[in-house]
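One structure is given here, and the rest of the page talks about it.
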RNA sequence: GGGCGUGUGGCCUAGUCUGGACAGGGCGGCAGCCUCCUAAGCUGUAGGUCGGGGGUUCAAAUCCCCCCACGCCCGCCA
């Protein structure tokens, strides 16, 4: 409803001013919508903006498409206020299942996220990628797109060769109960120490990489076992985080099926291509000073070449390609896009996020300096369990544990997704363990409260008489949900949904504080129950988009 | 050195692309609210040169230029 009204006013404004895309903003505290377009016209007409605002307002009042909308001027500003009919239809829409889901779009989207090297567990930096990516995938689906989520398994890089070397040369058997990814990290860290101590090992690593590229069966098995063990651990962590991948795509497949070789052959025909032992592209016309190396002088391909092959494959099977990558991939991502465009293939849209570091400095798997996602989940869950026990000792053990798990994931996911991706952050235990305002649990709590009220209310007939300030504010915010989904998908900004969810919970809590629902009578009671139900539904849909459980009780 | 990003009250953060009506929140501080629908809640209050300096504009946190600080990148690594 909000979206429709927004567009209606925009059209009327365009007609009244002759400006094709007039700026129409949220009216904030002044109105539902507002425009300062009079300034723009004042310049062209050489007359005072206040006068022009009044003229435009007069024209708009005569526009039949704006019936039911109050149009007022305040100096140079024109304010638009919607009426009760708008509130009724908005709340009515919000009562429907799957509220906020947009019309089905054509085409398929492939979204790649996480894709961490399988040389150690996912840490608090990696899961920023996971959570941004998974939320984006949910957003795209909510916005009516068909989405396939992929994890690109880097199974033939140097790091994996080091792990493989460690597995065959070091005594590092898996301990009882040790997760595969943590085991792999232990071996990886130990192997790196050995290499530091004895650089003579480096040629052995190089040899492993050549053998795996050639398809030597024994080396392939060695690599594959190490990678599989790590991946097995990743899958457990990802499931705990409620992040789902539809497919794990192995990098080495693009070497084995010949795609990488075909790509290199195509590249050879480009005028930007140079071969002097190594094979590389000169992308200086594209603004890149550095050589873009695709094959080493020993004949092995580098990551960039395999990634190009992967993207060509994605481009041929999907209509839109989205990658979520860390800021350290900005350069190589831009080179990838430039190259794909040069050879006439579909290029991905890349969502970059800045780094997460620890108070003592940046994280490093190799140095064993990181806070693993598993450790984070465990600690936050423990803390959540404490909190549930404190508040709800009436619940049985199983229920308390289930709630604690949901609350913990809510806290972690929300804590990460609420920050815009371009901001680098420092991991902070205190904030990670905070379940108060501006947190996932805070929003879950609002939902649980709404559920509790509805549970106690029993049956009721929907009604739509909203008169109190907090009722109107809440209903208006509910109306914005589809608009928020549209904007978040359009701008690839999942944090807009996080902000919206928090605002919705805020408004519901204020309403809850000031307007009794169950104790009110007649039409007021019915209207408030209707509003609670619409809020509950909208909160649940919002939480679902954020990958957070909408708890019924907590 | 070059490129990209960030800089908003003691701390964290929204707003910056698409310039406009007192720069929104939260944490922490202070003062209040549970015989009343879950207090993981609500209300009030103090706290701001929007990194600094120029410029454009009727209007700049927002656009342009210079500078400073921090992060990331600049590998025949991924």
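Residue numbers (the numbering used here): 62 to 615. Ideal Cβ placement from N, Cα and C applies to all residues, glycine included. As the structure is a computational prediction, the values presented were derived from the model and not from experiment.
Query                                                                                                             : Result
Close beta carbons around residue 479, own chain, < 8 angstroms, minus the five adjacent residues each side       : 499, 556, 559, 560, 563
Residue 109, buried or exposed, once every other Cβ within 10 Å from all chains shown has been counted against 16 : exposed
Beta-carbon spacing of residue 469, residue 600 below 9 angstroms                                                 : no
Residue 491 in three-state terms, based on DSSP                                                                   : helix
Candidates 141, 356, 411: closest to residue 337 by CA position                                                   : 356
When 344, 188, 225 are compared against residue 300, the one with the closest alpha-carbon                        : 188
Identified DSSP bridge partners for residue 387                                                                   : 414
Of the listed residues 387, 393, 410, nearest to residue 416 (C-alpha basis)                                      : 387
N-terminal and C-terminal residue of the alpha helix (DSSP H) that residue 326 is part of                         : 320-329
Exposed unless 16 or more other CB atoms sit within 10 angstroms - verdict on residue 447                         : exposed
Whether residue 370 touches residue 323 by CB criterion (9 angstroms)                                             : yes
Cβ pair residue 256, residue 266 closer than 9 angstroms                                                          : yes
Start-end ranges of the beta strand (DSSP E) lying completely within the segment 101-155, minimum 3 residues      : 131-135, 138-142
Residue closest to residue 195, alpha-carbon to alpha-carbon, out of 184, 183, 175                                : 175
At least 3 beta-carbon pairs within less than 8 angstroms: the segment 231-238 vs the segment 177-187             : no
For residue 383 and residue 474, believed in contact at Cβ under 8 angstroms, the rounded distance                : In fact, because the Cβ distance is near 19 angstroms, the residues do not count as touching under 8 angstroms.
Residue burial classification, residue 342 (beta-carbon count within 10 angstroms, cutoff 16)                     : buried
Limits of the beta strand (DSSP E) - the one that residue 172 falls within                                        : 169-173
Beta-carbon separation (whole angstroms), residue 73 vs residue 151, contact threshold 8 angstroms                : About 20 angstroms separates the two Cβ atoms, so there is no contact after all.
Bridge partners - residue 87, DSSP secondary structure assignment                                                 : 94
Residue 532 burial status per 10 Å Cβ neighbour count (16 or more: buried)                                        : buried
Selected residue, minimal CA-CA separation from residue 482, among 421, 413, 229, 325                             : 413
Contact belief for residue 505 with residue 612 at Cβ below 8 angstroms, rounded distance in angstroms            : 5 angstroms
Residue 287 and residue 228 closer than 9 angstroms at C-beta                                                     : yes
Among 308, 242, 317, 389, the one whose alpha carbon lies nearest that of residue 295                             : 242
Contact under 9 angstroms by Cβ, residue 329 with residue 344                                                     : no
At least 3 beta-carbon pairs within less than 8 angstroms: the segment 205-212 vs the segment 258-275             : no
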